[in-house]
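Just so we're aligned, residue 1 is where the sequence shown starts under the UniProt record's numbering, counting upward by one. We treat Cβ as the ideally placed atom computed from N, Cα and C, and that holds for glycine. Take a look at the structure below.
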Amino acid sequence: MEELNNNLDNTVIDSLKNKDHTGINKQLDQLSCSHSDIIQLLAEYVVLAEQDDDSFDAWYDGLCEDKLKVLKAFEIMRAHLES
């Protein structure tokens, strides 16, 4: 799991350098998450990010690979909008 997170983190860093979302969009379009899954995921993310670190860490560690990709893409696109 740690190796997967490291690979995803490297992808995030590369994507932050390049503001082209084409690669991210292609990855997201192939995921098994439904729209309602993604909305629930982002709602949980926003709420749990405001709570204690242990609750957030436990939730984050339990996410599947597809949901981790959605969160990484969300953070990349949010960073691009904020910059």
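For residue j and residue i, the rounded distance between their alpha carbons
i: D53; j: E44; result: 14 Å
i: Q27; j: E82; result: 22 Å
i: T22; j: Q51; result: 33 Å
i: Y60; j: L71; result: 10 Å
i: D57; j: E65; result: 15 Å
i: I39; j: I24; result: 18 Å
Top-ranked residue by Cα proximity to residue i, from the options
i: A49; options: H80, T22 and E75; result: E75
i: L41; options: L68, D29 and I24; result: L68
i: L63; options: M77, A79, C33 and R78; result: C33
Residue interval of the alpha helix (DSSP H) (run including residue i)
i: E82; result: E65 to E82
Coil, strand or helix - residue i by DSSP
i: E44; result: helix
i: G23; result: helix
i: D52; result: coil
i: S36; result: helix
i: L31; result: coil
Cβ neighbour criterion (16 or more within 10 Å) applied to residue i
i: A79; result: exposed
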